[in-house]
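Count the sequence shown with my numbering and you get residues 6 to 410, in order.
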Amino acid sequence: MLIHWIWLATRNGIGSRGQASLLRMFGTAENIYSLTMEQCVTTEGFMKSWLEPVLDKDLSEADKILSSCDDFGVSVLTYADPLYPKRLRNISDPPTVLYYRGKLTNLDDEVPIAIIGTRQCSTYGLLHAKQFSKLIANSGGIVVSGGARGIDTMAIKGGLDSSMPVICVIGTAIDNYYPKENIWLFREVERHGCVISEYPPGAKTYRSSFPQRNRIISGLSVGALVIEAPKGSGALITASHALEQGRDVYTIPGNIGVKHYEGNLDLLRDGAMLVTNGWEVLENYVHLYPGKLADGRQKENLEVIFASRYGLSLPIYSPAFTLPESDKKDVDIPPQTTYIKEKEPPKDLPEEENAIYKLLSDEPQHMDQIVAQSDMETSRVISALTMLQIKQLAEKQSGNYFVRK
């Protein structure tokens with residue numbers, strides 16, 4: 006019964022690793038609940054510290070949690086449920102119970118990618134978090150992140166710009182969304198995916214709760230992409246979990262000597278894969294998940310395909326839904342450039358070069374600003390700018406600024 010699974014998950018003194026060991030020994034939460042003292046002490050591998058919590062048969066706390074779930078519209082997923090992701094079940098310390106709001110997709114046949122990074126991030130990191138996550142989602146991947154400020158927030162926003170579900174794993178109780186300024190974002194995730202926590206309604210939040218949830222983020226995913234991580238960042242904890250769980254780890258290039266990217270460089274030294282766009286992450290899984298993935302940069306009708314495939318409505322990300330002003334400031338996108346009408350580009354200019362040329366003006370613009378306005382991958386913007394310089398249509402100035410010639 007469901008109540009016995011919640012009872013097991015709330016056993017003080019038996020962590021998720023210990024609960025997994027008990028399940029291997031006895032099979033189900035009901036069997037563990039029914040154990041007698043004699044059965045406990047005569048079972049090989051049964052630890053003394055488990056005895057008291059296992060022999061405590063009080064179900065009142067579990068019953069209260071069940072009632073709270075009903076009150077708050079929270080669904081409960083147990084380790085034995087067919088919908089429980091096999092990837093997560095196979096880690097060394099899987100959560101016995103997950104609480105979630107929204108619609109949980111069957112992840113076993115999908116390609117979830119964890120997108121992670123620091124809270125105190127740069128504009129460069131924010132821009133790429135959204136660009137990478139948007140392309141991953143548009144290409145058929147499922148974005149998984151933590152919902153914290155900074156990189157996590159932008160990763161979720163990028164994922165919501167597609168027809169694919171988004172998964173947010175929080176480190177607080179399922180009825181206590183944090184940070185508070187992201188409540189509107191969590192509500193959007195509920196509508197188009199799900200918010201997950203291993204902590205039931207009313208549970209207290211501890212400092213350790215946030216790094217503890219990181220194993221779930223990586224455990225749900227086939228790979229983890231680190232956008233920006235200084236030394237000591239919580240994102241590196243998730244990357245460490247990913248490596249321990251046998252997941253692929255990816256990172257984007259960062260400037261040498263910049264503290265925000267010291268963790269990224271360490272990951273590269275340790276064997277993480279360098280990627281420059283979201284499709285470079287997903288193309289490693291095309292042969293493993295046939296028919297699931299397609300390069301979102303080349304499929305204009307991909308949103309329609311995925312909407313049909315998953316029974317989702319269009320548009321899944323409402324045009325009326327706009328980002329708060331605070332987020333626009335985070336990304337630091339400047340006002341639209343005033344174009345110089347008397348300088349028309351050559352008629353035979355390729356499409357991408359033409360688009361970038363039109364964004365340039367006599368006022369110097371940083372490359373990050375051009376990328377933000379173009380809605381193109383950074384590598385493609387760099388390529389277009391290079392060609393424009395060769396054709397003497399653009400000029401690069403110090404500090405990575407560009408002007409139209």
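For glycine and all other residues, C-beta sits at the position ideal for the given N, C-alpha and C. Keep in mind that this is a model prediction, so the values were computed, not measured.
Exercise for the section: Please confirm if the region 121-134 is in contact with the region 81-101, defined as three or more CB-CB distances below 8 Å between the two stretches. Expected result: Short answer: they don't touch.
Exercise for the section: Verify whether the separation of the beta carbon atoms of PHE215 and GLY176 is less than 8 Å. Expected result: Counting from 1 along the sequence shown, the entry for residue 215 is found at position 210. Counting from 1 along the sequence shown, the entry for residue 176 is found at position 171. For PHE215 and GLY176, yes; Cβs fall inside 8 Å.
Practice task
Counting only the same chain and skipping the five closest in sequence on each side, list residues whose C-beta sits under 6 Å from that of ILE201.
Solution key: To locate residue 201, count along the sequence shown from 1; it is residue 196. Contacts found: LEU103, TYR105 and VAL174.
Handout entry: Between the CA atoms of ILE188 and TYR182 - distance to the nearest angstrom
Key = As a position in the sequence shown, residue 182 is number 177, starting the count at 1. As a position in the sequence shown, residue 188 is number 183, starting the count at 1. Note on geometry: alpha-carbon atoms of TYR182 and ILE188 lie some 6 Å from one another.
Problem - contact_flag[the region 52-61, the region 76-91] where n(CB pairs < 8 Å) is 3 or more - result: Result no; under three Cβ-Cβ pairs closer than 8 Å.
Problem - Expected contact under 8 Å - CB spacing of GLU349 and ALA389 to nearest Å - result: The residue labelled residue 349 in the question sits at position 344 within the sequence shown. The residue labelled residue 389 in the question sits at position 384 within the sequence shown. Actually they are not in contact, since the Cβ atoms of GLU349 and ALA389 sit about 17 Å apart, beyond 8 Å.
Exercise for the section: Drop a sphere of 10 angstroms on the beta-carbon of LYS264, count the other beta-carbons inside from all chains shown, and report buried for 16 or more, exposed for fewer. Expected result: Here residue 264 refers to the residue found at position 259 of the sequence shown. Classification for LYS264: exposed.
Exercise for the section: Determine whether the Cβ of GLY163 lies closer than 8 Å to any Cβ atom of chain B. Expected result: Any reference to chain B falls outside this structure, which holds one protein chain only.
Practice task
For HIS197, count neighbouring Cβ atoms within 10 angstroms of its own Cβ and tell me buried if that reaches 16, exposed if not.
Solution key: Residue numbering aside, residue 197 sits at position 192 when the sequence shown is read from its first letter. That one is buried.
Practice task
Could you tell me the boundaries of the beta strand (DSSP E) in which ARG429 lies?
Solution key: Nothing about residue 429 can be reported from this structure: the residues present for the chain run from 6 to 410 only.
Problem - Distance between LEU293 and GLY276 (C-alpha atoms, nearest Å) - result: Counting from 1 along the sequence shown, the entry for residue 276 is found at position 271. Counting from 1 along the sequence shown, the entry for residue 293 is found at position 288. Going from the Cα of GLY276 to the Cα of LEU293 covers about 22 Å.
Problem - Rounded separation between GLN136 and ILE242 - CA only - result: Position 131 of the sequence shown, counted from the start, is the residue given in the question as residue 136. Position 237 of the sequence shown, counted from the start, is the residue given in the question as residue 242. When rounded, the separation of the alpha-carbon atoms in GLN136 and ILE242 is 23 Å.
Exercise for the section: Would you be able to state if there are at least three C-beta pairs under 8 Å between the region 40-51 and the region 70-79? Expected result: No: the two stretches stay apart, fewer than three of their Cβ pairs being nearer than 8 Å.
Exercise for the section: Verify whether the separation of the beta carbon atoms of SER150 and ILE121 is less than 8 Å. Expected result: Translated into positions along the sequence shown, residue 150 becomes position 145. Translated into positions along the sequence shown, residue 121 becomes position 116. Yes; because the gap between Cβ atoms is below 8 Å, this pair is in contact.
Handout entry: C-beta contact flag for ASP271 and TRP284 at 8 Å
Key = By one-based count along the sequence shown, residue 271 stands at place 266. By one-based count along the sequence shown, residue 284 stands at place 279. Result no, Cβ atoms of ASP271 and TRP284 do not sit closer than 8 Å.
Practice task
Sort out for me which residues DSSP pairs ILE147 with in a bridge.
Solution key: Position 142 of the sequence shown, counted from the start, is the residue given in the question as residue 147. Beta bridge pairing from DSSP links ILE147 with PRO117.
Practice task
Pick helix, strand or coil for LEU64, following the three-state DSSP scheme.
Solution key: Within the sequence shown, the letter at position 59 stands for residue 64. Coil, per DSSP.
Practice task
Hey, could you find the ends of the beta strand (DSSP E) ARG218 is sitting in?
Solution key: The count along the sequence shown starts at 1 and reaches residue 218 at position 213. Unbroken run through ARG218 is the alpha helix (DSSP H), 214-224; no beta strand (DSSP E).
Handout entry: Cβ-Cβ distance between ILE222 and GLU203 below 8 Å
Key = Residue numbering aside, residue 222 sits at position 217 when the sequence shown is read from its first letter. Residue numbering aside, residue 203 sits at position 198 when the sequence shown is read from its first letter. No, the Cβ-Cβ distance between ILE222 and GLU203 is not below 8 Å.
Practice task
Return the chain-ordered list of same chain residues with a C-beta closer than 6 Å to the C-beta of ALA14, the five sequence neighbours on each side being excluded.
Solution key: Here residue 14 refers to the residue found at position 9 of the sequence shown. Taken in chain order, the residues that qualify are THR101 and VAL102.
Handout entry: DSSP state of SER379 mapped onto helix, strand, coil
Key = Along the sequence shown, read from residue 1 onward, the residue named residue 379 stands at position 374. Looking at SER379 - three-state DSSP - the assignment turns out to be helix.
Problem - According to DSSP, residues forming a beta bridge with LYS69 - result: On the sequence shown, position 64 is the one that residue 69 refers to. LYS69 pairs with nothing; no bridge assigned.
Handout entry: Close Cβ partners of GLN397 (< 8 Å) along its chain, the five nearest in sequence each way excluded
Key = To locate residue 397, count along the sequence shown from 1; it is residue 392. Residues LYS410 of the same chain have their beta carbon placed closer than 8 Å to that of GLN397, with the five preceding and five following residues left out of the count.
Exercise for the section: Could you tell me which of GLU43, SER245, LEU82 and LEU27 sits nearest to MET6, measuring between CA atoms? Expected result: Here the question's residue 6 lines up with position 1 in the sequence shown. Distances from the alpha-carbon of MET6 to those of GLU43, SER245, LEU82 and LEU27 put LEU82 closest.
Exercise for the section: Find the nearest neighbour of SER238 within the set VAL286, ASN219 and GLY32, judged by alpha-carbon distance. Expected result: For the purposes of this step, residue 238 is taken as residue 233 along the sequence shown, with counting starting at 1. Checking every option, the nearest Cα to that of SER238 belongs to ASN219.
Problem - Nearest-angstrom beta carbon gap, LEU287 and VAL116 [assumed within contact, 8 Å] - result: As a position in the sequence shown, residue 116 is number 111, starting the count at 1. As a position in the sequence shown, residue 287 is number 282, starting the count at 1. Rounded, the Cβ-Cβ distance is 6 Å, consistent with contact.
Practice task
Would you mind reading off the limits of the alpha helix (DSSP H) that contains ARG94?
Solution key: Counting from 1 along the sequence shown, the entry for residue 94 is found at position 89. ARG94 -> alpha helix (DSSP H) spans 91-94.
Exercise for the section: Could you tell me the boundaries of the alpha helix (DSSP H) in which GLN24 lies? Expected result: The residue labelled residue 24 in the question sits at position 19 within the sequence shown. Going by DSSP, GLN24 is part of the alpha helix (DSSP H) stretching over 21-31.
Exercise for the section: Kindly indicate which three-state DSSP category PHE51 falls into: helix, strand or coil? Expected result: For this step, residue 51 is matched to residue 46 along the sequence shown. PHE51: coil per DSSP, three-state reduction.
Handout entry: Beta-carbon proximity list for ARG16, same chain, < 6 Å, skipping 5 on both sides
Key = Reading the sequence shown from its first residue, position 11 is the one you call residue 16. Excluding residues within five positions, the ones whose Cβ falls inside 6 Å are PRO58.
Practice task
Specify the secondary structure class of VAL171 as computed by DSSP and reduced to three states.
Solution key: Reading the sequence shown from its first residue, position 166 is the one you call residue 171. Secondary structure of VAL171 (DSSP, three-state): strand.
Practice task
With a threshold of 16 other CB atoms inside 10 Å of the CB of GLY78, please say whether the residue is buried or exposed.
Solution key: Sequence index remark: in the sequence shown, residue 78 carries index 73 (1-based). Under this definition GLY78 is an exposed residue.
Problem - Close Cβ partners of ILE8 (< 7 Å) along its chain, the five nearest in sequence each way excluded - result: Your numbering for residue 8 matches position 3 in the sequence shown. Within the same chain, and ignoring the five residues on either side of ILE8 in sequence, the residues whose Cβ sits closer than 7 Å to its Cβ are LEU64, ALA67, ASP68 and LEU71.
Exercise for the section: Grab the span of the alpha helix (DSSP H) containing ASP2 for me, first residue to last. Expected result: Residue numbering for the chain in the displayed model covers 6 to 410; residue 2 lies beyond these limits and cannot be assessed.
Exercise for the section: Starting from the C-beta of PRO295, find all residues in its chain whose C-beta is less than 7 Å away, skip the five residues before and the five after it, and write them out in chain order. Expected result: By one-based count along the sequence shown, residue 295 stands at place 290. Once the five neighbours on either side are set aside, PRO295 has no close Cβ partner at all.
Exercise for the section: Keeping to the same chain, check which residues put their C-beta closer than 7 Å to that of ILE361; ignore five residues upstream and five downstream. Expected result: What you label residue 361 is simply residue 356 of the sequence shown in a count that begins at 1. For ILE361, where only same-chain residues beyond five positions count, the Cβ hits under 7 Å are ILE375, SER379, VAL386, ALA389, LEU390 and LEU393.
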